[in-house]
Structure formats: structure tokens, C-alpha cells
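Structure, as C-alpha cells:
Chains as they are written, first to last, in the working numbering: chain P, 4 to 421; chain Y, 4 to 421.
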């Protein structure tokens, strides 16, 4: 490359406590090489920002502000759930992207997201090549669900795992204190894969310690078996702490959260897994219960982020920008584990095409035979990922999270009609 | 007093992130005065432990273990929800308590709880006097609900306030990143008083910043007004973050959480406030939403306890033991605020009878005129209470919370027939 070109960065899918740490890594790496990168333009709301030519000029943000992204949850540039169709189905979208990139001299495309986003980056890489547009397309993995293949772990997962294991531990101490409360259920994320629920298992070390039951999407939910297991744990241990994935399904494939009930307006009741399970416990066992639904709190809990996770999120952001600047195309940086204990990892590379659209589930050897807990192999995998507490700075009792100015780059093209 | 006598300590009601810090203060103060206190006996499950003569000998716990109680959530000796009836209604229970105390030479009674517990301590003080049994009865205030009168704040509240304000802030960053999610609702504790919900208001500084709406038990819930307010905030700010107290009621006094629905078993649906409000939002506005139910997670969140709260919980535990050792009877130590800014407080004393059975609600001047937010006066009150982060020590990625041995004191009396 003869002259510095601009770098396009965007965030996609559900955000995490550390996706901004990756953004920080991308931008800091780019700023360190003014010979290669002119300006980092961020897409507002992911790839949609590129389609709409809605670009944020990050050069207006100070180095201190960019550094503060490392400890700020959410997606600083706005995320999106938008999957590009295949090139055959919607060539116009891909042409539009290339037009926008050409208009703003984008030479590097760094897309931070999950499997769908890696698919988008991969398709764009192919289209750019076929249109003879010179651009390096690189992904940055991200997902609390930890469901990408190849990479040992996805940034975002370690922090939600830490939050869920600590919250389960703390709630267990509370439940143990309250003799009347027999069952406590915490609902955690994971629509298709049980990695987050598995992390709840780290709160205890043996079957007598909470959590007593973990419900994984990978194991068919059977109400009778669940009820018997709860009764057994309450009788043996005095109470039963349950970590339930939002994505658990019955053997026929229906989600447990689809309760089939109607509300006052005649709409299907959303339900939620925890309220449903709580109602089952009350109806069939008569036990007093409490339940919590962690929802966004778990993936936004930057206040108790895993130091390992923050470091990896930052490292992969940096690596992605450096790969793009080195002309690497159609790949993403991944975490390679070289040792469990002591935990050691390094940054490797994988093809976007190998990561796109492949969902990694909990392997059978990570789930105990009865389907209700994690194995030692699973602990060996999970434990290193929650190590260290990367506390944000505080002022006035609250974390000093940063909001960006988000200065808009003047448009050069007609509005997108798509 | 001629010889050292034993001290009875027990925990009552819903536990908090810092009730064990009070226990630590009581036990450390007692251990510092072997001339006055022989052994600290803890009641297993509050006053019920005394009735059943189920006493835990804390002398078997090392100084290091007792010190670790300061950073351990839950109730180390087990709590209970049990309110003694009036002396006229159940004189046998009071006589039994005095018998147990006499059998174990209990000269000091320190009861750690909310309004009901202060009532219990107060009644016991009266009965002991009438039975000519020499005992100093002192309370230690505790409640996440912050609903005791006289004391400026109840230990336990500051930490849940910190958790709720941080969680609301973090969830708001998440929601802002997700353009499709229009409404986020977090349900917090507070069956009768809105102090915890009010704390969510600290996450933002002006009406444009989340949370956009707070629903207090002190303000009658009107569905139409709520729906219009949500629509207004979404239109003006792009999304609407709601902090809802579990205890909100309609003008007719019915709890919103009583949904009137039935589940598959024909039982009344528990509902929960957040799922109900979410369904209203979907049904009447069609917005995409998320909701979280913090439940026990909020009051057990020792990992992000307020340093002010921990210090006050410990100080009141110490003060209670010292008062009892000094022969103070029928009183409890309270927090007296001497300055808002800089925040200054000291320990005062109040009569148990003045605190028992009086519920302190949010005063009208703490709620904005529209009923949906907190005023500057409320911020001045709340802000000092969430200052400082009292982090527990960690090992292996998890907080080092301590479980006691709980050695049982041999029984000297026949089993309680009550």
C-alpha cells in the first residue's frame, strides 16, 4: 500500500461486557500505525451503518476515551442483528457496501461479532475480490454464548461466566440462610448452547454444594425427571439451587419457555424459563421458591469482568487490526489454549469460512451422565476463563463508563434505498 | 456483673450482603472483652434457635474465620421469618426463651433484623424484666428495604442500592447498543417501600439518561399512564429503561404482580412485576423488550458491596455488643447522618419500641411530581450510601466466602414442644 487508507470497524449481534475492549484494541492498533491507517470509521449499528453510509469518525475521540472503552460495557458504536443474504439473493447490498467503502477509501474491514458476522465478513471478502476492490476483511470473534468453533473461547463469555458463577454462589449463600426457601432458580442466557449455564456449575465443587441442578439446552428437559431431582436435592441438602438455560427444550424440540398460556390481551405468554420452572416446583412439590432472571445484567456486568476475558478481547481486537494492516484477508484471530494449568494461551488465526455458521455446543463429555451437572473436564476448560477481576475505575460510587461523541462522517453518496 | 456471662446473637428476616459484617462486629467486640463475655452463642435460624435450644458455639471459629464473615453474604447462622406473638397471646414462648437463656447463662441478647425483630427484642426485654431475669437486650438494624424509622439508613440497603444502580447503568449501556430493543425492565425488591427502586435512579443524572421510569410502591400504578410514559420515552430517547419495584400496586391496592392468570395446573400465576409489565408493553405498544428479575442476586451481591454499608454494618454490630456489655437494655444502635457532603455519620442509640413495627416509606419530596423518578433531595440522601467498593478477596476466580463449622452447643433442657 502506497498511502494510508481508512479502516472500517463495526459491532454486531448481542453486545458483551468486553466487546468495547476489542474496539479499543482495534483503534489503538490502528492509531499506532498512521503510515498504514488514516482514520478508523465505525459503522453505526454494525453493517447497517455501512449500508446507510452512517459512519462515526473515531478520530474525534481522545486517546483517553478510547482507552476507557476497555472498561465500558455495551457496544459503543451501536450493534445490530442483521444478516446479509447470500450474494446471489442480494447482490445490490454487497455492491452498496463496496461503493461506500470506495467513497471513503476503506482499505480495511474489521467486523466484531458472532457466527453470522463472520459469515458477513466472509461474503464481503469474496465479493470485494470479485469486484476487484482492494480491501482486507478480518473478523473479531465475540459472543457471550461461546458457540463459535475453532477458537478456544469467545471474548465476552469469560465475563458472563464469571458473573453467573459468582451470582450463583452468592444466591446459594442466601438460600442456605433462609430455611423456608427450598428452591432457587436462576435463568441464564444460551439459546442453543449451554456454556453459560455450565459456568454456574463452578460455584460448587461437589454434588452437595450448590448449584444442585443445571439445565442445559443440550439435554432434553423432562418435567418428571426435573421434579424428582428437585425433590431429591431438597430432601438430601435442605434446598435446591437450579441454574437453567433460557434455551432448554423438551424432547419434542419445543422450548420450555413457550408456555402455551395467554395473557389478558390474548397474546401468547412469554413465560420465561425460570417462572415456568418455579410454577412447576410449586404445583408439583409445593415448595417455597425464588427465581431470578439475569437477562442483560449478566452480559453487561463489566463491574465484575474476568481479567482473562478483557485481556483476550483486547488482544483479539489488536490482532485483527494488525492482520488487516498486514494484508491478511478472509481470516479472524482466535484464542489457542496451550495449557490448562497453568493456563496459557496465544493468538492464532482461522479462516472466516470455517467459523461462519457453525455452532459449537457443549460436548457430551462436559455434562455428567445424569444430565444435571458439569464434569471435571468441563471445569478444567471453564476455570481459567473466569480468572482475575478487571475492575473499572469508579467515581461517586458508580463505574466510570464512557459514552463517545460519535461524530458523523459527512455522506458522499445518495441515501441507500435498501 | 461479677463473672463473664454468655452472649446470644441471632439473625432474622431476609438476609443481606452485609448482615454477616454485623455478626463479625458483634463477635469481635465480645471477644475483645473476655472479662464480660464468656462465649457468643448464635441461634440457628434466629429466635427459633433459642426456642429449640439449637445454639451454635462460635468459640470454635477462628479469629480469621470470624474476620471473613465481614466479606461473606447470606446469614452465617441461618435466618428465619418468625414473629413472636404478644406476651398475652403466647406467654409460653417467652418463658421458654428465658429458660433457655438461664440454662446457658445468657446475659446479653443481640438480635439482628428488621422491624419485626426489633419488636421481638423489645418484647423479650419486657418479659425478662417482669420475670426478674437479668439480661441486656439490644437490636442490630438490618434490612435491604431500608424501611426502619429513626436510623438514617439500614445496613444492607447501601449494598443493594449500589448493585441496583450499577446494574441499571450497565443494562442501559447494553440497551442503547441494541436498536431493536426498545424497552428494558428490571424488577427489584421492596414489597412496601421504594427505596431500592429509587436507587436505580442514581444510574442517570438527567431525564434523558436511563433509567427513564421508576415505579415505586408509594405511587399508584396506572397502566394507561405507564404505557403513555413508555411510548413517550421511546419516541424521545430511542428506548426506555424501567426500574420497577416488586411491590407496585394499583389504586385499588391490588399488587400488580397478582396477574389473575392461571397456569397449566390451575394455580394462580405468580407473574412477577417485570414479566407483567413486559407483556403490557408488548400488548399495547408492540415494542421489543427484555426484562430482568434480580431477586436474591441483588441482596446477596457481596462482590460489589458498598464500602460505606459494610463499615456501618460492622460498626452497628460492634456498637450493639458494646451497648449490651455496658448494660444498655431495650435499645439499638442507629446511624445518625451529620453531613451530606462531605458525608459524615456517627452511631447513635434509639429505643427498640420506637423502631418496632414502624415502616418508613419514601417521603413524597423524594419522588418527582410525575411519580416516575427521584428528586435532587433523594439523590442527596442516596448518593453517600453507595460510596466505595468493598471487594472480597478472590481465589480461583471466585470470592472467598466462608462457611462456618457451626458446632452445636449440647442441650440442657427438654425439647421444645411449641
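Cβ coordinates follow ideal geometry from the N, Cα and C atoms, glycine included.
Inter-residue CB distance, residue i and residue j (contact presumed, cutoff 8 Å)
i                      : j                      : result
residue 60 of chain P  : residue 410 of chain P : 5 Å
residue 127 of chain P : residue 97 of chain P  : 7 Å
residue 419 of chain Y : residue 87 of chain Y  : Actually they do not touch by this definition, with Cβ atoms about 13 Å apart.
residue 253 of chain P : residue 281 of chain P : Not quite, the Cβ-Cβ distance comes to about 17 Å (not below 8 Å), so this is no contact.
residue 206 of chain Y : residue 168 of chain Y : 5 Å
residue 177 of chain P : residue 299 of chain Y : 5 Å
residue 161 of chain Y : residue 312 of chain Y : 3 Å
residue 181 of chain Y : residue 82 of chain P  : 6 Å
residue 199 of chain Y : residue 375 of chain Y : With 8 Å as the limit, residue 199 of chain Y and residue 375 of chain Y do not qualify as a contact, their Cβ atoms being about 16 Å apart.
residue 386 of chain P : residue 377 of chain P : The pair is not a contact, with the Cβ atoms about 11 Å apart (cut-off 8 Å).
residue 339 of chain Y : residue 107 of chain Y : Contact flag wrong, Cβ pair sits at about 34 Å.
residue 41 of chain P  : residue 9 of chain P   : 5 Å
residue 213 of chain Y : residue 250 of chain Y : Not really, about 22 Å apart at Cβ, beyond 8 Å.
Bridge partner(s) assigned by DSSP for residue i
i                      : result
residue 315 of chain Y : Per DSSP, none; premise fails for residue 315 of chain Y.
residue 202 of chain P : According to DSSP, residue 202 of chain P bridges with nothing at all.
residue 9 of chain P   : P/109
residue 45 of chain P  : P/12, P/59
residue 190 of chain Y : Y/247, Y/296
residue 349 of chain P : P/339
residue 93 of chain P  : Answer is none; residue 93 of chain P lacks a bridge partner.
residue 258 of chain P : P/252
residue 233 of chain P : None; residue 233 of chain P has no bridge partner.
residue 411 of chain Y : Y/59
Short CB-CB distance (under 8 Å) between residue i and chain P
i                      : result
residue 176 of chain Y : yes
residue 172 of chain Y : yes
residue 298 of chain Y : yes
residue 250 of chain Y : no
residue 226 of chain Y : no
residue 422 of chain Y : Not covered by the structure: residue 422 of chain Y. The range shown for chain Y is 4 to 421.
residue 390 of chain Y : yes
residue 401 of chain Y : yes
residue 278 of chain Y : yes
residue 235 of chain Y : no
residue 93 of chain Y  : no
residue 383 of chain Y : no
residue 302 of chain Y : yes
Neighbour flag for residue i against chain Y, beta carbons, 8 Å
i                      : result
residue 335 of chain P : no
residue 305 of chain P : yes
residue 59 of chain P  : no
residue 295 of chain P : yes
residue 290 of chain P : no
residue 41 of chain P  : no
residue 253 of chain P : no
residue 52 of chain P  : no
residue 404 of chain P : yes
residue 397 of chain P : yes
residue 275 of chain P : yes
residue 242 of chain P : no
residue 9 of chain P   : no
residue 270 of chain P : Reliability fails at residue 270 of chain P, whose pLDDT of 44 lies under 50, so the model's placement of it is uncertain and no value is given.
8 Å Cβ cutoff, residue i in contact with chain A
i                      : result
residue 239 of chain P : Any reference to chain A falls outside this structure, whose protein chains are P and Y.
### Message
Check whether the stretch 21 to 29 of chain Y and the stretch 68 to 86 of chain Y are in contact - that is, three or more C-beta pairs closer than 8 Å.
### Response
yes
### Task
Would you list, in chain order, the members of the stretch 154 to 169 of chain Y that have their beta-carbon closer than 7 Å to a beta-carbon of chain P?
165, 168, 169
### Message
Across the stretch 38 to 54 of chain P and the stretch 340 to 347 of chain P, are there enough close Cβ pairs to call them in contact, namely three or more that are closer than 8 Å?
### Response
no
### Task
Determine contact between the stretch 28 to 35 of chain Y and the stretch 350 to 370 of chain Y, defined as no fewer than three beta-carbon pairs at a distance below 8 Å.
no
### Query
Of the residues that make up the stretch 178 to 208 of chain P, which ones have a beta carbon closer than 8 Å to any beta carbon in chain Y?
178, 179, 180, 181, 182, 183, 187, 189, 205, 206
### Task
Anything in the stretch 345 to 379 of chain Y with a Cβ closer than 7 Å to a Cβ of chain P? List those residues in chain order, please.
none
### Task
Kindly confirm or deny that the stretch 381 to 392 of chain P and the stretch 397 to 411 of chain Y touch, where touching means at least three C-beta pairs closer than 8 Å.
yes
### Task
Note down, in chain order, all residues in the stretch 110 to 143 of chain Y with a beta-carbon under 9 Å from any beta-carbon belonging to chain P.
none
### Message
Under 8 Å: do the stretch 278 to 298 of chain P and the stretch 136 to 149 of chain P share three or more Cβ pairs, one atom per stretch?
### Response
no
### Message
Quick test of the definition: if touching needs 3 or more C-beta pairs under 8 Å, does the stretch 177 to 191 of chain P touch the stretch 241 to 250 of chain P?
### Response
yes
### Query
What residues in the stretch 18 to 29 of chain Y bring their beta carbon closer than 7 Å to a beta carbon of chain P?
18
### Query
Name the residues in the stretch 69 to 90 of chain Y whose C-beta lies less than 9 Å from a C-beta of chain P; which are they?
75, 76, 77, 78, 79, 80, 81, 82, 83, 84
#### Entry: Near-chain P residues of the stretch 406 to 419 of chain Y (beta-carbon distance less than 9 Å), N- to C-terminal order
406
### Message
Is it the case that the stretch 149 to 163 of chain P contacts the stretch 129 to 141 of chain P, given that we only count it when at least three CB pairs across the two stretches are under 8 Å?
### Response
no
#### Entry: Contact the stretch 316 to 329 of chain Y vs the stretch 98 to 106 of chain Y: 3+ CB pairs below 8 Å
no
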